[in-house]
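Trainee: At position 104 of the sequence shown the residue is numbered 104 (UniProt numbering), and the sequence of numbers has no breaks.
C-beta: ideal position from N, C-alpha, C; glycine also.
Bear in mind that the values here come from a model prediction, so they are computed numbers and not experimental data.
Handing you this structure, nothing more for now.
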Amino acid sequence: EIGEKTLGPNHPDLATRLNNLAGLLENQGKYDEAKLLYERAIEIDKKIYGPNHAGVATNLSNLAGLLKKQGKYDEAKLLYERAIEILEEVHGPNHPHVATMLSNLAGLLKDQVS
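Shown next, in the form of structure tokens:
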């Protein structure tokens, strides 16, 4: 709330702060609160950078990781796939960030069948 008043509702630093706070809440097991903050960070980054920005992909991946922890594999899979699309568009298919995201998706699929 303080950051939003200081920076404004659509500032990139606010998105970063929300994402970081979401990670903290996720680590504390406060998944519902974390989800809302991840979603808000994604909204802000989309407004600032557009829907096909690497930062959006990172935030989608963070939210996907949270959903994976909650056993919401189908939702998480869609977010990982979207993040991969974005990163392939931004960096090309052979970039290390794409490989990392593919690894995240593979881990999800492995957990889903276990």
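#1: Below 6 Å CB to CB, which residues in the same chain sit around Arg82 once its five sequence neighbours on both sides are set aside?
#2: Could you check what DSSP says for Asn94 in three-state terms: helix, strand or coil?
#3: Report yes if the C-beta distance between Ala41 and Ala15 is below 7 Å; otherwise report no.
#4: Cα separation between Leu21 and Gly92?
#5: What ranges does the beta strand (DSSP E) occupy inside the UniProt repeat "TPR" (15-48), keeping only unbroken runs of at least 3 residues that lie completely in it?
#6: On a Cα-Cα basis, can you pick out the residue from Leu18, Asn62, Lys77 and Pro51 that is closest to Lys110?
#7: Look at the Cβ atom of Leu62, then the Cβ atom of Ile86, and state whether they are nearer than 7 Å.
#8: Would residue 131 be called buried (16 or more neighbouring beta carbons within 10 Å of its own) or exposed?
#9: For Gln28, which option in Ser114, Leu66, His11 and Glu39 has the closest C-alpha, if you only look at C-alpha atoms?
Mentor: Taking the structure as given:
#1: Counting only Cβ-Cβ distances below 6 Å, and skipping sequence neighbours, we find Leu60.
#2: Residue state, collapsed to three classes: coil.
#3: Result yes, Cβ atoms of Ala41 and Ala15 sit closer than 7 Å.
#4: The C-alpha of Gly92 is placed about 30 Å away from the C-alpha of Leu21.
#5: Within the UniProt repeat "TPR" (15-48), there are no complete beta strand (DSSP E) runs of at least 3 residues.
#6: For Lys110, the closest alpha carbon among the candidates Leu18, Asn62, Lys77 and Pro51 is that of Lys77.
#7: Note on residue identity: the sequence assigns Asn, not Leu, to residue 62. It is not a contact, given that the beta carbons lie outside the stated cut-off.
#8: For the chain, the structure presents residues 1 to 114; residue 131 sits outside this window and is missing.
#9: If we check each option's Cα against that of Gln28, Leu66 comes out closest.
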